[in-house]
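If you're matching positions, the sequence shown starts at 538 in the numbering used here and goes up one per residue. Note that beta-carbon positions come from the ideal geometry of N, C-alpha and C, so glycine has one too. Shown next, in structure tokens, is the structure this report addresses.
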Amino acid sequence: MRRPSSSILFIYALFVSLLAYAYRDLYDLLVIGLINLVLGVMYGYRYKLLWLLLILGLWGTFINAYTVSNTGSIVVDWGWITIREGALTATAAIFMRLLSIVGATLFFIGNSTPSELVRSLVSELRIPKGLAFSISYALRLIPLMKKDYEEIRIARLERGYRRIPYLPNDLKSFLLPLLSIAYERAVWAGIAVELKGFRLRKVRYRKIRIRVPEIIVFALLAIQVIVPLMF
Numbered sequence: 538m539r540r541p542s543s544s545i546l547f548i549y550a551l552f553v554s555l556l557a558y559a560y561r562d563l564y565d566l567l568v569i570g571l572i573n574l575v576l577g578v579m580y581g582y583r584y585k586l587l588w589l590l591l592i593l594g595l596w597g598t599f600i601n602a603y604t605v606s607n608t609g610s611i612v613v614d615w616g617w618i619t620i621r622e623g624a625l626t627a628t629a630a631i632f633m634r635l636l637s638i639v640g641a642t643l644f645f646i647g648n649s650t651p652s653e654l655v656r657s658l659v660s661e662l663r664i665p666k667g668l669a670f671s672i673s674y675a676l677r678l679i680p681l682m683k684k685d686y687e688e689i690r691i692a693r694l695e696r697g698y699r700r701i702p703y704l705p706n707d708l709k710s711f712l713l714p715l716l717s718i719a720y721e722r723a724v725w726a727g728i729a730v731e732l733k734g735f736r737l738r739k740v741r742y743r744k745i746r747i748r749v750p751e752i753i754v755f756a757l758l759a760i761q762v763i764v765p766l767m768f
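As structure tokens, this is what we get:
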């Protein structure tokens with residue numbers, strides 16, 4: 538079976554992100570979180586960097602919830618650490634939102650290539666070329682950032698730092714070089730495409746073809762809307 542259209546996958550990921558912010562009930566968030574977790578594992582298991590960022594997001598979410606929403610009945614009482622029901626509920630709700638967005642994104646990028654994405658967004662959805670190129674370039678950066686991540690991790694080990702950052706100071710020393718390298722690449726990539734006459738290229742518009750793969754994507758989206766409304 539052929540892959541769904543990149544435009545349909547983009548709409549799917551965008552709509553799931555909107556649902557993740559619209560839903561407030563934990564069980565509703567659990568539905569879309571688990572569905573997109575399965576899709577993300579099936580199609581995006583090789584993007585280890587995004588999974589690592591998701592795990593770090595869980596840790597940061599818990600710290601924030603423990604600071605702000607640690608109310609209600611006591612669940613864990615361990616010395617000076619007291620974890621209450623409110624902190625766990627807030628952590629679960631926010632993490633389900635992150636899981637939905639990351640899972641839908643992995644489903645999207647696992648079935649698309651950057652070149653297909655640019656063509657689909659511009660010719661089918663009529664998104665401006667500059668915006669479509671930015672989204673496509675973000676996908677191209679993922680494997681490059683994975684290589685940078687491995688190099689930074691080796692450098693951290695040689696300097697005596699932890700292999701995996703989990704404290705705020707460790708995270709800062711890890712993310713700053715990663716983001717600075719990505720920013721420099723993005724600047725020079727933008728200059729290169731402008732020199733090649735990117736803005737002068739003509740666009741041929743076409744209609745989106747709805748076939749079996751696209752219908753399956755819409756069915757997955759409908760489940761995530763209908764099931765929370767039913768229960």
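Nearest neighbour of residue i, chosen from the options [CA to CA]
i: residue 591; options: 721, 636 and 630; result: 636
i: residue 625; options: 541, 649, 639 and 597; result: 597
i: residue 645; options: 745, 577, 722 and 687; result: 577
i: residue 593; options: 675, 631 and 692; result: 631
i: residue 675; options: 552, 643, 633 and 600; result: 643
i: residue 715; options: 727, 687 and 698; result: 687
i: residue 589; options: 690, 727, 763 and 741; result: 690
i: residue 633; options: 649, 605, 574 and 583; result: 574
i: residue 550; options: 605, 649, 747 and 604; result: 649
Cβ neighbours of residue i in the same chain (closer than 7 Å, five flanking residues each side left out)
i: residue 647; result: 580 and 581
i: residue 552; result: 758
i: residue 726; result: 674
i: residue 750; result: 538, 539, 540 and 541
i: residue 548; result: none
Integer-rounded CB distance, given that residue j should sit under 8 Å from residue i
i: residue 654; j: residue 719; result: Actually they do not touch by this definition, with Cβ atoms about 18 Å apart.
i: residue 724; j: residue 546; result: Incorrect: roughly 28 Å between the Cβ atoms, too far for contact.
i: residue 602; j: residue 627; result: 4 Å
i: residue 572; j: residue 761; result: 6 Å
i: residue 657; j: residue 542; result: 6 Å
i: residue 539; j: residue 660; result: 18 Å between Cβ atoms; not a contact.
i: residue 544; j: residue 662; result: 5 Å
i: residue 563; j: residue 669; result: Not really, about 36 Å apart at Cβ, beyond 8 Å.
i: residue 698; j: residue 710; result: 7 Å
In DSSP terms, what residue i is bridged to
i: residue 620; result: 613
Other residues of its chain near residue i: CB distance less than 6 Å, five sequence neighbours each side excluded
i: residue 535; result: Since the first residue shown for the chain is 538 and the last is 768, residue 535 is missing from the structure and cannot be characterised.
i: residue 765; result: 565 and 568
i: residue 560; result: 566
i: residue 609; result: 621, 622 and 623
i: residue 666; result: 659
i: residue 599; result: 628
i: residue 664; result: 658
i: residue 685; result: 715 and 718
Residues near residue i in its chain [Cβ-Cβ closer than 8 Å; skip 5 each side]
i: residue 585; result: 683
i: residue 607; result: 619, 620, 621, 623 and 624
i: residue 722; result: 678 and 681
i: residue 587; result: 581, 639, 642, 643 and 679
i: residue 595; result: 628, 632 and 635
i: residue 652; result: 673
Distance cut-off 7 Å: residue i Cβ against heavy atoms of the ligand SAM
i: residue 679; result: The ligand SAM is not among the ligands present in this structure, which contains no ligands whatsoever.
Are the stretch 608 to 620 and the stretch 561 to 572 touching by the rule of at least three beta carbon pairs closer than 8 Å? no
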